[in-house]
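Just below is one structure, and these are the notes that go with it.
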Amino acid sequence: MIKTHFPRKPQGRLLNGGISTGGGSNLNALRRRCYKEVAGRKRAEEALATYEKGLRNFLDSAPVAIAIYKDDRFVFSNKAHSRLMGARNAEELIGRSALEIIHPDFHDIFIKRSQEVRDQGTEAPLLAYTCRRLDGKPVFVETIAIPFTYRGQPSIMGVAIDVSRRKMAERKLASQHRQLIRADKMALLGKLASGVAHEINNPNNFIQLNASLLTKIWTDLTPLISEALAGKDDFRLGGLEPDAIKDEVPRLARDIQEGSQRITRIVKELKDFARPDLPDHNAEINLNDVIRSALKLTTNGIETCTARLTLDLSPELPPVEGHFHRLEQVIINLIINACEALEGKSRGIAIATALEPDLNRVTVTISDQGKGIPPGDLPRVTDPFFTTRRDRGGTGLGLSVSSRIVTDYGGTMDFSSKPGSGTTVRLSFPSRNPGRDNGVNHGEP
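Read in order, the letters of the sequence shown correspond to residues 10 to 454 in the numbering used here.
Right under this line is the structure:
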């Protein structure tokens, strides 16, 4: 009997992980495991995509500005942040450097702050920035920086709040506070000026009266002194020879009178500065008439300083409300200042009036081709007692008083100047044109 031997089924060799290379059942198990891992990974990717989509939707709907940047470049900007930075959509910001929208004064702070967040992995505290929108307008923000992982990459999330309105309110409040302090100082200066003017005026009156009387006495004594000193060449009075005495004493008396008159002018300016704002008998005034009157009173000074005076007075200028002589005082002050700024008669002065129909305001401009005002002095020209001509008798009160007069009538006084090229003063007053409601818009078209 012949025995037939069948070979034994080979045993599969186990690989790492316990999977046999032999047998179809083991291969199927491997396939099932691979399918399971791929399906798991796919579910994880779908979950991650759903999470990122939900995160983006959440960040986009946030009321505060949120941006994510990597290597200082934006990779995400929500709608609030895009609007805040003046972008039509996030795409206008994505890829841009964050430094493009941060004011250069804050670049170093931003770079250092971002580096600390990346290196330490901790949140940066609240900090105020000045930013620039894409249209160039400034915006003030307060922001925090948070370490964040975005699309698997280490990034930084910035959360910002627009505080522009608060900043403007703070600045306005600070300005009002400064104005209150200034008003208080002005009131104190007014009281001081009033007292000083009163104390100076009385002895100055004595000086004027006595100087005038001494001049008359000297005039009467001169013939007698000349007769008494005839032939006495060695006689001296105050170290002066007789012939010199005749000329010197009258000059001394004139100097005393001129000095006293200068004191009188200073006292008058002090009184004008200290005078309370009493009700005026206001009327409708034509500024062209005020200018013509002021020119008549300053003719001598103008002719001494310049040979070039240009007038451009609008023939159809509507009236303004005010007091003729107070406004005349303003124009005279400005004309005198313009004359004193000139450095030769070839330099000119131009005076013009105009109507701004859109604003319903009347303007007066007085320009000179003088030496100009240094930029540092320009904001102070209307401050009481500020003057650059104190050595020539300036008191620093003329422009201060003029500014207050202009303000009393609802006007403004603005200065523009360039050293070496001259100065322009621009006055603006509300018009009393009966065809308009004095420049007030009540909503009519």
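Each residue gets a CB set at the ideal place from its N, CA and C atoms; glycine is no exception. Being a predicted model, the structure only gives us computed values, none of them experimental.
State buried or exposed for residue i, treating a residue as buried only when at least 16 other CB atoms are found within 10 Å of its CB.
{"i": "Ile118", "result": "exposed"}
{"i": "Thr362", "result": "buried"}
{"i": "Asn211", "result": "exposed"}
{"i": "Glu312", "result": "exposed"}
{"i": "Cys348", "result": "buried"}
{"i": "Phe85", "result": "buried"}
{"i": "Gln124", "result": "exposed"}
{"i": "Ile254", "result": "buried"}
{"i": "Met422", "result": "buried"}
{"i": "Asp377", "result": "buried"}
{"i": "Asn25", "result": "Caution applies to Asn25, whose pLDDT of 47 falls short of 50 and renders its modelled position unreliable; the model cannot decide the point."}
{"i": "Cys140", "result": "buried"}
{"i": "Tyr138", "result": "buried"}
{"i": "Ala237", "result": "exposed"}
{"i": "Leu287", "result": "Only weak support is given to the placement of Leu287: the predicted model assigns it a pLDDT of 48, under 50, and the value that follows is read from those uncertain coordinates. Exposed: under 16 other Cβ atoms inside 10 Å."}
{"i": "Asn219", "result": "exposed"}
{"i": "Arg52", "result": "exposed"}
If we define contact as Cβ-Cβ less than 8 Å, is residue i a contact residue for chain B?
{"i": "Glu267", "result": "In the structure shown, chain B does not exist; there is a single protein chain."}
Rounded to whole angstroms, what's the CA-CA distance from residue i to residue j? Just pull it up for me.
{"i": "Asn309", "j": "Lys181", "result": "46 Å"}
{"i": "Ile375", "j": "Pro366", "result": "20 Å"}
{"i": "Gly161", "j": "Val168", "result": "20 Å"}
{"i": "Ser164", "j": "Pro113", "result": "23 Å"}
{"i": "Asn98", "j": "Arg335", "result": "58 Å"}
{"i": "Gly95", "j": "Asp144", "result": "6 Å"}
{"i": "Ala292", "j": "Asp417", "result": "14 Å"}
{"i": "Lys427", "j": "Thr433", "result": "9 Å"}
{"i": "Ser173", "j": "Ala183", "result": "15 Å"}
{"i": "Arg73", "j": "Val371", "result": "A small fix is needed here, since residue 73 is Val in this sequence, not Arg. Between Val73 and Val371, the C-alpha separation is close to 46 Å."}
{"i": "Pro384", "j": "Ile110", "result": "31 Å"}
{"i": "Ile75", "j": "Val47", "result": "35 Å"}
{"i": "Gly429", "j": "Asn346", "result": "15 Å"}
Who are the Cβ neighbours of residue i in its own chain at under 8 Å, not counting the five residues just before and after it?
{"i": "Gln217", "result": "Gln266, Ser269, Gln270 and Thr273"}
{"i": "Val126", "result": "Glu132, Ala133, Ala154, Ile155, Pro156 and Ile165"}
{"i": "Glu352", "result": "Gly379 and Lys380"}
Excluding the 5 residues flanking residue i on each side, which residues of the same chain have their C-beta closer than 6 Å to its C-beta?
{"i": "Lys354", "result": "Thr315 and Ala316"}
{"i": "Thr319", "result": "Ala359"}
{"i": "Arg105", "result": "Phe83"}
Helix, strand or coil, according to DSSP, for residue i in the structure here?
{"i": "Tyr159", "result": "strand"}
{"i": "Lys305", "result": "helix"}
{"i": "Tyr138", "result": "strand"}
{"i": "Ile294", "result": "strand"}
{"i": "Lys88", "result": "helix"}
{"i": "Arg42", "result": "helix"}
{"i": "Arg50", "result": "helix"}
{"i": "Gly357", "result": "strand"}
{"i": "Asp128", "result": "helix"}
{"i": "Thr231", "result": "helix"}
{"i": "Gly420", "result": "coil"}
Measuring alpha carbon to alpha carbon, tell me which residue in the options is nearest residue i.
{"i": "Pro328", "options": "Arg245, Arg389, Leu222 and Ser437", "result": "Ser437"}
{"i": "Ser156", "options": "Gly130, Gly431 and Arg92", "result": "The sequence given here places Pro at residue 156; Ser does not occur at that position. The residue with the shortest Cα to Cα distance from Pro156 is Gly130."}
{"i": "Arg263", "options": "Ile344, Lys51, Leu408 and Thr228", "result": "Thr228"}
{"i": "Thr158", "options": "Ser412, Ile294, Lys225 and Ile77", "result": "Ile77"}
{"i": "Gln338", "options": "Glu151, Arg175, Ser409 and Leu36", "result": "Ser409"}
{"i": "Ile294", "options": "Ser106, Pro134 and Ser440", "result": "Ser440"}
{"i": "Leu322", "options": "Glu352, Asn346, Ala359 and Phe333", "result": "Ala359"}
{"i": "Asp81", "options": "Asn87, Lys121 and Ala89", "result": "Lys121"}
{"i": "Gly407", "options": "Thr391, Arg142, Gly49 and Ile300", "result": "Thr391"}
{"i": "Leu387", "options": "Phe424, Ser412 and Ala89", "result": "Phe424"}
{"i": "Asp256", "options": "Thr224, Ser91 and Ser34", "result": "Thr224"}
{"i": "Phe83", "options": "Asp69, Glu101 and Leu68", "result": "Glu101"}
{"i": "Ile344", "options": "Ile226, Val299, Tyr44 and Leu364", "result": "Val299"}
{"i": "Pro324", "options": "Glu330, His332 and Leu364", "result": "Leu364"}
{"i": "Leu136", "options": "Asp128, Phe115 and Lys146", "result": "Phe115"}
Please list, in chain order, all residues of the same chain as residue i whose beta carbon is under 7 Å from its beta carbon, the five residues on each side excluded.
{"i": "Ile341", "result": "Ala303, Leu306 and Thr307"}
{"i": "Asn297", "result": "Leu322, Leu326 and Thr362"}
{"i": "Arg435", "result": "Thr372, Thr374 and Asp423"}
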